[in-house]
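Residue numbers (my numbering), protein chains in the order written: chain D, 1 to 152; chain Y, 153 to 304. Data block below; observations after.
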DNA sequence: TAGTATTCCTACCGCTTTGATAGGGAAATC
DNA sequence: GATTTCCCTATCAAAGCGGTAGGAATACTA
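And the structure:
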């Protein structure tokens with residue numbers, strides 16, 4: 001289960017926009033430098049976000065990008081879905097599309113539970129939460145536990 | 153965040169073995185038919201599981217595969233790690249290897265929380281749980297909620 | 001000891017995805 | 001009209017993914 005570079009970059013760009021505020025559009029160059037991601041690559045990602053309605057753009061002189069909605073209303077899941085499609089998939093299918101037989105029958109509810117638990121984080125945390133470093137209680141509690149930081 | 157075909161197949165094969173019991177080795181052919189997965193592909197997966205110590209094999213006449221440990225002690229996370237590497241990664245790196253700056257600083261604890269929540273499911277549910285269709289309370293509760301089944 | 005069944009190994013294949021770059025067209029500002 | 005910036009298309013190499021082929025090694029059976 002991997003978070004792609006696209007998704008990571010997209011969220012980081014969105015966070016820069018959230019921090020910049022609504023009346024201060026940022027150009028690709030600025031964001032790329034601030035977050036240390038390849039400019040041309042980021043260009044394409046921002047474009048996807050625009051098509052997805054997540055950001056709005058303006059060209060020319062004082063142009064750039066800004067968020068298309070208040071950062072309190074945009075979740076990380078929203079961003080990832082726009083640039084990468086479904087949050088969680090099994091063999092390229094969304095879990096409800098699967099079917100199992102024999103001793104594997106209860107595998108479906110398991111994948112469903114995994115997806116629900118991923119949503120419980122990514123679907124609840126907003127850009128505003130991260131930008132101001134105030135993750136929701138429940139999320140913070142998870143991140144706090146030392147065993148969450150250890151690799152198996 | 154996708155579960156690969158390898159991982160899905162591996163878990164299903166392991167479940168067949170769990171259901172078969174310790175004194176009844178299954179051959180690749182049997183498992184492939186039972187779960188409807190390509191035989192030759194499954195062969196390679198079972199081999200990885202053997203190298204990872206998850207299953208033991210015997211060739212010849214009454215050969216086949218059986219679990220290398222009681223199914224109550226093997227979690228789904230164990231299986232996935234053996235065939236696919238780390239459970240959760242960001243841009244190919246494990247979360248603790250990342251670092252973020254500016255408004256993205258709190259992105260790291262977020263990824264950590266996601267991983268923790270994935271582990272909370274896949275690292276707790278054992279092959280025995282699934283094979284006998286008795287998922288732990290907490291997991292069952294998640295899978296039960298109707299909104300867990302809806303696509304966004 | 002010969003035969004057969006099964007795992008095991010190596011290599012390969014086509015396809016898609018991923019991460020990234022290049023170059024120029026279109027529009028907004030000055 | 002010049003400049004700035006977004007926007008579009010095309011391309012690229014490398015890696016991963018899902019799957020296949022053929023045969024070598026080994027264990028049981030007779």
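Glycine included, every Cβ here is placed at the ideal spot set by N, Cα and C.
Scanning its chain for C-beta atoms nearer than 7 Å, with the 5 sequence neighbours on each side dropped, one finds around residue 39 of chain D the residues 28, 29 and 32, in chain order.
Listed as beta-bridge partners of residue 67 of chain D by DSSP are D:55. In the three-state reduction of the DSSP assignment, residue 74 of chain D falls in the coil class, being assigned neither a helical nor a strand state.
Listed along chain D are 112, 113, 116 and 117, each with a C-beta nearer than 8 Å to that of residue 294 of chain Y. When DSSP states are grouped into helix, strand and coil, residue 294 of chain Y belongs to the helix group. Using a Cβ-Cβ cut-off of 7 Å, residue 30 of chain D does not count as an interface residue toward chain Y, since no Cβ of chain Y sits closer than that to its own. For residue 226 of chain Y, none of the residues of chain D pass the 8 Å Cβ criterion, the least Cβ distance being about 13 Å. In the same chain as residue 242 of chain Y, and ignoring 5 residues on each side of it, the C-beta atoms closer than 8 Å to its own belong to 250 and 263, in chain order. Residues of the region 1–13 of chain D with a C-beta atom less than 8 Å from some C-beta of chain Y are 1, 2, 3, 4, 5, 8, 11 and 12, listed in chain order. For residue 39 of chain D, no Cβ of chain Y is located within less than 7 Å of the residue's own Cβ. Nearest in C-alpha terms to residue 123 of chain D, of all of Y:276, Y:272, Y:266 and Y:273, is Y:266. At a cut-off of 7 Å between beta carbons, residue 96 of chain D contacts chain Y.
By a beta-carbon distance limit of 8 Å, residue 119 of chain D contacts residue 77 of chain D. Their separation comes to about 7 Å. For residue 159 of chain Y, the CB contacts under 8 Å within the same chain, skipping 5 residues up- and downstream, are 231, 232, 235 and 236 in chain order.
Residue 73 of chain D and residue 253 of chain Y have their alpha carbons spaced roughly 23 Å apart.
Around residue 151 of chain D, the beta-carbon contacts reaching into chain Y at under 7 Å are 246 and 248. Taking C-alpha positions only, residue 221 of chain Y is separated from residue 206 of chain Y by approximately 7 Å. When DSSP states are grouped into helix, strand and coil, residue 101 of chain D belongs to the coil group. In the DSSP annotation of this structure, the continuous segment of the alpha helix (DSSP H) that includes residue 263 of chain Y starts and ends at 259–274. When CB distances to chain Y are screened at a threshold of 7 Å, the residues of the region 123–137 of chain D falling below it are 125, 130, 131, 133 and 135, in chain order. In chain order, 131 place their CB closer than 7 Å to the CB of residue 19 of chain D, counting only its own chain and leaving out the 5 sequence neighbours on each side. Distance from the CA of residue 11 of chain D to the CA of residue 150 of chain D, rounded to the nearest whole angstrom, comes to 24 Å. Residue contact check for residue 89 of chain D against chain Y: a CB pair falls below 7 Å.
Taking 7 Å as the cut-off, the beta carbon of residue 57 of chain D is found closer than this to the beta carbon of residue 50 of chain D.
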